[in-house]
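Structure, as structure tokens:
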Amino acid sequence: MERNLNTYLEDIDLQFWHDLIKMHGNLVTFEEGEYVCHHGEKSSVFGYVQSGNFCIEIEGSDQKKHIIDNVFPDSLIGNYPDCMYYGVSHFDIKAVDKSSVYLMDARVLLSLYNQDSHIENQGRLLIEAMLKSLTKCYADIVLNGIVSM
Numbered sequence: 530m531e532r533n534l535n536t537y538l539e540d541i542d543l544q545f546w547h548d549l550i551k552m553h554g555n556l557v558t559f560e561e562g563e564y565v566c567h568h569g570e571k572s573s574v575f576g577y578v579q580s581g582n583f584c585i586e587i588e589g590s591d592q593k594k595h596i597i598d599n600v601f602p603d604s605l606i607g608n609y610p611d612c613m614y615y616g617v618s619h620f621d622i623k624a625v626d627k628s629s630v631y632l633m634d635a636r637v638l639l640s641l642y643n644q645d646s647h648i649e650n651q652g653r654l655l656i657e658a659m660l661k662s663l664t665k666c667y668a669d670i671v672l673n674g675i676v677s678m
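So the mapping is simple: my numbering equals the position in the sequence shown, first residue as 1, plus 529.
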């Protein structure tokens, strides 16, 4: 089985998410260096990368930007779950090269969760997969001093 850098993707129905986002969103093109969202600013965008790639950056105590993740084609993108509440982003999401992304207003997603139990269940499975991946990452750091993918 092919392993994803973002291992949570292996535990969710990506086609479900792609179809839902296409149905409620629009295709947007980002040039290299353009941002989907900025740290400290409110954002409600949620989507998936159709082509190109993005990096997720944070500013360290050394005042330098550090890449903490990469987002490749077919992967979900956004400050989830905070984006459903028009929450403040905890990081920057920046295009590494010219990229196309289907984006939707995640506040619509929250409304869909409240209207449709199947969609709500998919959201629960997404959060569970993300938490499982994050927990494994933390365990790898603590036990091995590294992150295994």
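Ideal Cβ positions, reconstructed from N, Cα and C, are used throughout, including at glycine.
Just so it is clear, the structure is predicted and the values come from calculations on it, not from any experiment.
Check                                                                                                                                          : Outcome
Shortest alpha-carbon distance to L641 belongs to which of E539, D540, I541, W546?                                                             : W546
Output the distance between the C-alpha atoms of N582 and S646, rounded to the nearest integer angstrom.                                       : 32 Å
Could you name the residues that DSSP lists as bridge partners for G576?                                                                       : I606, L632
For F620 and I587, which I take to be in contact (beta-carbon distance under 8 Å), what is that distance rounded to the nearest angstrom?      : 5 Å
Shortest alpha-carbon distance to V637 belongs to which of D542, D548, H553?                                                                   : H553
Excluding five sequence neighbours on each side, which residues of the same chain lie with their C-beta closer than 6 Å to the C-beta of E563? : A624
Taking DSSP's pairing of strands, which residues face A624 in a bridge?                                                                        : F583
When the Cα atoms are used, what is the spatial distance from E570 to K594?                                                                    : 16 Å
Among residues of its own chain, excluding the 5 on either side of N557, which ones have a beta-carbon nearer than 6 Å to its beta-carbon?     : The question names Asn, but residue 557 is Val in the sequence shown. V630, L632, listed in sequence order.
Rounded to whole angstroms, what is the Cα-Cα separation between M613 and D626?                                                                : 27 Å
Going by beta-carbon coordinates alone, are V578 and S618 separated by less than 8 Å?                                                          : no
By the three-class DSSP mapping on this structure, what secondary structure does I597 have?                                                    : strand
A658 and D540: beta carbons closer than 8 Å?                                                                                                   : yes
Does DSSP put G554 in a helix, in a strand, or in coil?                                                                                        : strand
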